[in-house]
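Per this note's numbering, the sequence shown starts with residue 370, numbered consecutively.
We treat Cβ as the ideally placed atom computed from N, Cα and C, and that holds for glycine.
Below is one structure, written out as structure tokens; comments come after it.
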Amino acid sequence: MKLSYISGLLLVFSSTCFGVAKEIVEYDFKRTLRKHTIVSADIENIFFSQEDMRGIFDHFENDEGRYRCESFSGIINLDNNESISVEIIKHCYEKNRYIIVSKQYSVESTIGDIRTDKFDYLKSDNINTE
Numbered sequence: 370m371k372l373s374y375i376s377g378l379l380l381v382f383s384s385t386c387f388g389v390a391k392e393i394v395e396y397d398f399k400r401t402l403r404k405h406t407i408v409s410a411d412i413e414n415i416f417f418s419q420e421d422m423r424g425i426f427d428h429f430e431n432d433e434g435r436y437r438c439e440s441f442s443g444i445i446n447l448d449n450n451e452s453i454s455v456e457i458i459k460h461c462y463e464k465n466r467y468i469i470v471s472k473q474y475s476v477e478s479t480i481g482d483i484r485t486d487k488f489d490y491l492k493s494d495n496i497n498t499e
């Protein structure tokens, strides 16, 4: 009985820590983008200039957590010579909707959804066309 009580408390504690860590990553991502200018981005070996990236990360919507199709790895380069590692996941059923996931830290955190047509060039090589 005592062991199950302790394991239950540890489970609640670890879940809380994980949730807080994800919130911190999301806060840090958004704060960094507010403080610094995006110079460029490289997503699946496609270069996006500062002009291409203008306004893309200004407004995040809530992530529904479903309808995830193709995913693309990328790096956002900032004006302070830092970069942020991200994963961009294409929404399956809504055109021009993408889910942004921070891969900057060991805890991955979904930042939110964005709507843009600037990522239309992204195509997955893993699509099965049989």
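Runs of the beta strand (DSSP E) lying entirely within the segment 408-470, each at least 3 residues long, are 415-417, 437-447 and 452-460 in chain order.
Residues I412, E413, I415, E439, F441, I457 and K459 of the same chain have their beta carbon placed closer than 8 Å to that of L491, with the five preceding and five following residues left out of the count.
Assignment of S384 by DSSP, reduced to helix, strand and coil, places it in the helix class. Excluding five sequence positions before and after S452, the CB atoms of its chain that fall closer than 8 Å to its own CB belong to I444, I445 and N446, given in chain order. In the DSSP annotation of this structure, T406 is not part of any beta strand (DSSP E), being labelled neither H nor E.
With at least 16 other beta carbons inside 10 angstroms of its own, Y467 counts as buried.
DSSP places S373 within a helical segment (H, G or I) once states are collapsed to three. By DSSP's assignment, T479 forms a beta bridge with V470. In the same chain as Y474, and ignoring 5 residues on each side of it, the C-beta atoms closer than 7 Å to its own belong to V394, in chain order.
The straight-line gap separating the alpha-carbon atoms of F429 and I469 is approximately 9 Å.
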